[in-house]
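Written out below as structure tokens is the structure these notes cover.
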Amino acid sequence: MKARDIMTENPACITPETTARQAARLMEDHDVGSLPVVESEANRRLVGVVTDRDLALRVLGRGESPEVQVREVMSGNVHCCRAEDSLDEVENAMAKNQVRRIPIVDEKNCVLGMVAQADLARERKAVGAKDLGKVLEKISEPAGVGR
Amino acid sequence: MKARDIMTENPACIAPETSARQAARLMEEHDVGSLPVVENESNRQLVGVVTDRDLTLRVLGHDKPPETPVREVMSVNVHTCPPDASLDEVENTMARYQVRRIPIVDDDDRVVGMVAQADLARKLRAVGAKDLGKVVEKISEPTGVFSAFG
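Listed in order, the protein sequences are those of chains A and B. For what it's worth, the working numbering labels the leading residue of the first sequence as 975, then goes sequentially. For what it's worth, the working numbering labels the leading residue of the second sequence as 19, then goes sequentially.
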């Protein structure tokens, strides 16, 4: 079982020029808590990730305009996985970086999919993993906006 | 083991008049993703809950100003547990309503604590719960902003 087997393919992406408000609307439309930010629609090269929490804290909390571009509030240091990574690797990446969604990229860093904590938990339940509690605890620790 | 044994006591609370911006700042300061909304500081009577996601979707995404009082964007149908609830009850409440933090209230509906998914996970791991995967999956399902509190 690999990341590609459980990922959501062709996930909604935004570009660095997308406004905070547009990003918030897309999160509601697609029912997700984070969006990968790509260089352009055409190349889908990953340059960052923005979460609902980033928008609340860095835009609303810091008095930024809703028109601010996501490039100014996204996390640029994104932890991602490859389509051929094992579920263990994906799980470890989530735990280590305390994120609930992780972008899956190809060798050119282009976004192929997203794996959510729920995708992984569903799969783990099916196979009855023993270390899930440990991973969950790590992912669920309170994390600052800069994570 | 009861909710009172793992809860964070006297958690940060906000009033219905607190602005969305202030709420966002408090979430950053206290490193939490949701805040209980209480009638006032002195009675701490629970009237709602607001999450970072509520602020982003309902304020930023819906063109409301940062000064919007949280009463306009909070979820009022809040699921709570009493301090003497078992961890199973807390776990089931989180799973059923797909929330990661549960306010713990006394008989008069006053906020006495919060239990986060992480508190529970830490505890359940220690006792080796077998159904944790099921709970995680339930809590972790994608949810709309209005479904978060039922």
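Cβ atoms here follow ideal geometry from the backbone N, Cα and C, with glycine treated the same way.
Applying a beta-carbon distance threshold of less than 8 Å, which residues of chain A neighbour residue i?
i, result
"ARG39(B)", "LEU1034, GLY1035 and GLY1037"
"PRO84(B)", "LEU1034 and GLY1037"
Under 7 Å Cβ-Cβ, which residues of chain A neighbour residue i?
i, result
"VAL77(B)", "LEU1034"
"LEU73(B)", "ALA1030 and LEU1034"
Which residues in chain B have a C-beta closer than 8 Å to the C-beta of residue i? List them in chain order.
i, result
"ASP1026(A)", "ASP70, ARG71, THR74 and LEU75"
So for residue i, helix, strand or coil by DSSP?
i, result
"ARG119(B)", "strand"
"GLY1037(A)", "coil"
"GLU983(A)", "strand"
"ARG1096(A)", "helix"
"GLU57(B)", "coil"
"ARG128(B)", "strand"
"VAL1065(A)", "For the record, residue 1065(A) in the displayed sequence is Glu; it is not Val. Helix at GLU1065(A)."
"THR98(B)", "coil"
"ARG1018(A)", "coil"
"THR26(B)", "strand"
"ALA1057(A)", "coil"
"GLN63(B)", "strand"
"LYS1070(A)", "helix"
"THR993(A)", "strand"
"VAL1153(A)", "With chain A covering only 975 through 1121, there is no way to say anything about residue 1153(A)."
"LYS141(B)", "helix"
"VAL1044(A)", "helix"
"GLY168(B)", "Confidence is the limiting factor: at GLY168(B) the pLDDT is only 27, short of 50, which leaves the residue's position unreliable, though a coordinate-based value still follows. It is coil, neither helix nor strand."
"GLY162(B)", "Reliability of the predicted coordinates at GLY162(B) is poor, the pLDDT of 38 falling under 50, and the value obtained from them is presented with this limitation in mind. Three-state DSSP puts GLY162(B) in coil, outside helix and strand."
Please list the partners that residue i has in chain B, where partner means a Cβ-to-Cβ separation under 9 Å.
i, result
"ARG999(A)", "LEU75, LEU78, GLY79 and HIS80"
Which residues in chain B have a C-beta closer than 7 Å to the C-beta of residue i? List them in chain order.
i, result
"PRO1040(A)", "LEU78"
Taking DSSP's pairing of strands, which residues face residue i in a bridge?
i, result
"GLY79(B)", "According to DSSP, which records beta bridges pairwise, GLY79(B) is partnered with nothing at all."
"MET1088(A)", "THR982(A) and PRO1077(A)"
"VAL1024(A)", "LEU1009(A)"
"THR69(B)", "SER52(B)"
"PRO87(B)", "SER37(B)"
"ASN20(B)", "Here residue 20(B) turns out to be Lys, not Asn, going by the sequence shown. Partner(s): SER104(B)."
"ALA134(B)", "ARG119(B)"
"LYS1144(A)", "There is no way to answer for residue 1144(A), as the model of chain A reaches only from 975 to 1121."
Proximal residues, the segment 995 to 1021 of chain A versus chain B, C-beta separation under 7 Å: ARG995, ALA998, ARG999, MET1001, GLU1002, ASP1005, VAL1006 and GLY1007
Interface positions of the segment 37 to 66 of chain B facing chain A (Cβ-Cβ less than 7 Å), listed along the chain: ALA38, ARG39, ALA42, ARG43, MET45, GLU46, ASP49, VAL50 and GLY51
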